[in-house]
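Numbering (this note's numbering), first residue to last: 67 to 1344.
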């Protein structure tokens, strides 16, 4: 081979890979892989002798890429070429490929539009036109084409009718059953379409019966296997009979090798025959009750494989309906159908009969099986005791006397299973007979369809597989003979002299099976006759007789396991001799079957009538000149019966013109898009396709049409007018290297390689010449293009420079005028602005002077008014105190005038009052009164310790005279944010702390520390227990109005309680905080080291790693021992307010503010914190609030981070949620300033959005109107 030749190579994983010849030596060949990018540089080495076995030349590229419809059209016909062609066509969903007259069908595992009525009509019309003598191009390969050819050849006007046969073969799951149904459907259709019959209804009835026989055979003879969901577990031969005009007369069906063992045991993942599942899932409740059937899982014959469903989407219930309809179509009466179903049910019940020891070694049916025996008696028409006796005993003849012997449990179980298998086999045979009766005919011509399987290689191969593989060897012998004859016909058609060519055959292997008296089957029958014949003796006989035979071998290890290997045409198969003798005898417990002949049911009696001898399993004779009949005498063994049936089948096939269809299964996963190269090659070998290739290429393996040859090798001809033969003689002077046929050229492999070698040399020289001319042309073209481009650029540059010069002059002219105008304007504006600034400066100075003067006057006036008010309050307080003092003195004097012993009750009441001058005589009750704005006031409140607080008295007196210091706030929902304590004097709730950042109350800024709570929801508050008041605030319905009163201790203008970098967190009881702390030695206070806080804790969203814990309930942590802080957090009361400071505060500001805070708290004075932006809408009318509650659902706003601000800007307002409840408030362009009075500029946009998404509701949102206009002079800057 020449370097660069594309080839197919067999890689280490036994997959054919595409490569090119990389290097050659006289003894070796190096090939570089080209079909995988990651292995493009990988080189495989092969010996020179591997060419033709592991290295093959590739076909031309057009054949590799497009494939061919007929494999014989390939230039190189070998295993990798066939495999690649099938793969290319499979991926294009072209599943049919022909090999001469052989059709290869790849199962697509999906429904295709290849069988529509228009396509069927197209093939029928094409066949009719071709039969009338028209010269037509062949249609694409199709099973319709094979069926049509068989039908047309059958109807050829010859003296003797030419019968046709179609052999469909393939492994389980390859599509044999479906292909057979397609063939029958087409033949019935083409018969109806091509004949003019006056008995059309009768013909249609026959056609329907032929097609309706398939559902019955599939229900009773097909099962799910691990490779196929609808696998035929029997072989069948179908004969369709036609009259001389082509009208379908009827059909006959023959079956062989029904897999009876499947009835009692199946592999894991497989099912029993379909009819059992269809009956249990499709029968009506009344039918199931009559048959006493329940669920599939309840029957031993069905539940041992743990598989109950088909996996191809077919519903068993629907199939039951189709099966019953098919029975009706073929003419089965209702009572016949019911009799069949009774026996099917009887098989299921029989499998559930349990056998136990009776005493000793004998057996009996268990007590739990009594209902089953009763059911079997009803279904079979036999007494239950007779059934039990027939299953557990047998009769033997001893010295001329017949005695009854009990069976062991194992023997009885074997007998039970044998009866079940025999009942089912008899029912199956009867159904085949019944189908044949409905479609019987007297034919003058016929088309037969044989359904067979490939050579099977399984983990364990026994007698059944040996028989099937022998049948395939016989069919392969017929196939090889047919292919060889086709090869002879091709040589004759091309007018090429034919000489005998040795072709591969399997005659020696077939003779090893059939030889007498020392063949495989003869020796097996001999061991069955010998009294003590056994499997080990049979295996030893095989080892001895066939020790030197080329097709049978065994190793020492195999001999120890009674195994042997047979070299079939498709590969070596290892068989296990264990069980051969018993299976070949096919012994059935005769006594158990004789009792079935005594049944009271006519149908059962008909099936088992006779003298007790066993009948063969196949239903029909295959003789062409006799109608279907059943044999009455049994053969002596299974293999003899099988050989007899196979011989009859082969005699019939030899008397017909065969047509072959090889079905291929592309993968084992039933994937419509997968093509397993290894599995397909294995099937090609087993199907004999590769053997056919060897036969067809035994002489001249390389064949090309004249036109193809001239297209490829005209370049080697010295003259264009040279003829084909002269060209071949010139190029190939070797004698007999080629033959020229009428349409094809036949070449030896060596001659083809010589031609390719010469072609490569000629093409290489031509390529160099073409490259030289092409380079010159490209260089000249490139030069001319560059010159033209340079000239174009020069013109463009000159034009551009001229335009730029003209535009520059224009710009200079316009620019000078513009500069002059701007200079004059600038000078005038500068003078005007200087004057304006001067005027504004004077105005500010004057306004400042006036303002300071007015402020000083107002301050002096306010101070004077405060002094006067304090003096009046003090005076009134003193007067009230004097009045109370005098009243007490009068009461004491009155009590002193009355002796203590006068009235014991009165003495007990008044005695304690005499020494306690500081106690009030009356107790004020704890009540809530309806709030009134009148000037009347209770005068029953008395101070503790015998003296009244001047500030409290003055406050109460002031309230009785004026309501200027009283105000109301509206608490809508959520958290109030106030910390109350009971006043020491009045007992009323007094505000001690205001937590704006924890509040959702819009009016929180109106409340100041020191204010007193007067009423809640219109009910007046008296000196009650503070816990009752707090409970009232918690339980009262919201919204609610709270009325407060400012006192002298209240702040008139309250500053924010937190600095700009501080925030608070409310830690409730029974809620984990989720924070970790560590001491900060530099700042001398705890800092946050872990932050996994609960987002449901108010204020927790502000906490960040590194923030400082500055106070716990106003208790400073500055310079406090870290352990004491942790102890206070763990054991302190709940709820508790934690104050934090952000970690990015300036150090100097932190130190000064902390020292000031510590000194201020020690002296009970507040210090002025850093001012923050006002969030109170009452102080800035550009601000407004809305409340977002849980029941609102969505907020109804879309915001985004404004480019020119720290705050989110409203971009869209939706009529939903909280916005729908508070309409016309928020406008597009407004800024979201705070959440629960927490400034978003400190919080950050992302944290704010996170809080809105997952934070607790309700939420108080503060917005600033668009433009941030303020009408009260408060700065709106942020």
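Even glycine gets a Cβ: it sits at the ideal position worked out from N, Cα and C.
None of these values were measured; they are calculated from a predicted model.
Pull up the CB-CB distance for residue 398 and residue 500, whole angstroms please, since I reckon it's below 8 Å.
6 Å
Could you pull out every residue in the same chain whose Cβ sits closer than 6 Å to the Cβ of residue 1031, ignoring the five residues on either side in sequence?
1111, 1112
Look up residue 68 in the DSSP assignment and say whether it is helix, strand or coil.
coil
Bridge partner(s) assigned by DSSP for residue 182:
Residue 182 is not bridged to any residue.
In chain order, what are the residue ranges of uninterrupted alpha helix (DSSP H) at least 4 long that sit wholly in the region 567 to 632?
573 to 580, 586 to 595, 601 to 611, 622 to 626
Provide the residue span of the beta strand (DSSP E) that contains residue 85, from first to last.
82 to 90
If we require 3 or more residues per run, which beta strand (DSSP E) segments fall completely within the region 1025 to 1099?
1032 to 1037, 1044 to 1048, 1055 to 1060, 1078 to 1082, 1085 to 1087
My assumption, with CB atoms under 8 Å, is that residue 1365 sits in contact with residue 1083. Please give the rounded CB distance.
This structure cannot speak to residue 1365, because the chain is shown only from 67 to 1344.
Quick check on residue 892: does DSSP put it in helix, strand or coil?
helix
Measuring straight from C-alpha to C-alpha, what distance separates residue 158 and residue 839?
41 Å
Buried versus exposed call for residue 496 [16 or more other C-beta atoms within 10 Å across all chains shown]:
buried
Is the region 627 to 634 touching the region 604 to 616 in the sense that three or more CB pairs, one from each, lie closer than 8 Å?
yes
Beta-carbon separation of residue 412 and residue 446 under 8 Å?
yes
Taking its Cβ as the centre, do 16 or more other Cβ atoms sit within 10 Å of residue 429, making it buried, or is it exposed?
buried
Taking just the CA atoms, how far does residue 705 sit from residue 648?
12 Å
With residue 637 as the anchor, note down where its beta strand (DSSP E) starts and where it stops.
637 to 642
Buried or exposed for residue 865, please, with buried defined as at least 16 other CB atoms from any protein chain shown within 10 angstroms of its CB.
exposed
Alpha-carbon to alpha-carbon, residue 1071 and residue 1079:
15 Å
Hey, out of 180, 860, 1177, 721, whose CA is closest to residue 232's CA?
721
Endpoints, alpha helix (DSSP H) assigned at residue 492:
475 to 504
If you run the structure through DSSP and keep just helix, strand and coil, what is residue 1230?
No answer about residue 1230 holds up, because its pLDDT of 34 lies below 50 and its placement is not dependable.
Cβ contact (3+ pairs, closer than 8 Å) linking the region 573 to 593 and the region 784 to 791
no
Should residue 310 be flagged as near chain B, meaning a C-beta pair shorter than 8 Å?
No chain B is present in this structure, which holds just one protein chain.
Would you kindly work out how many angstroms separate the C-alpha atoms of residue 206 and residue 130, rounded to a whole number?
18 Å
Quick check on this structure: which residue in 378, 311, 299, 358 has the alpha carbon closest to the alpha carbon of residue 339?
299
Residue environment, residue 717, which counts as buried when at least 16 other CB atoms sit within 10 Å
exposed
May I ask which residues mark the beginning and end of the beta strand (DSSP E) holding residue 319?
314 to 322
Which one of 1101, 593, 646 has the shortest CA to CA distance from residue 531?
646
Am I right that residue 625 and residue 641 are in contact with their C-beta atoms under 8 Å? What's the rounded C-beta distance?
13 Å between Cβ atoms; not a contact.
Could you say which of 134, 455, 754, 215 lies nearest to residue 661 if we only look at CA atoms?
455
Hey, quick one: how far does the alpha helix (DSSP H) through residue 154 stretch, first residue to last?
145 to 157
Go through its chain and collect everything with a Cβ distance to residue 743's Cβ below 8 Å, but skip five positions before and after it.
81, 82, 149, 153
Rounded to whole angstroms, what is the Cα-Cα separation between residue 242 and residue 236?
6 Å
Suppose you measure from the CA of residue 72 to the CA of residue 800; what does that come to, to the nearest Å?
25 Å
What does a CB cutoff of less than 7 Å around residue 1258 pick up in its chain, not counting 5 residues either side in sequence?
1283, 1284, 1287
Beta-carbon spacing of residue 473, residue 458 below 8 Å:
yes
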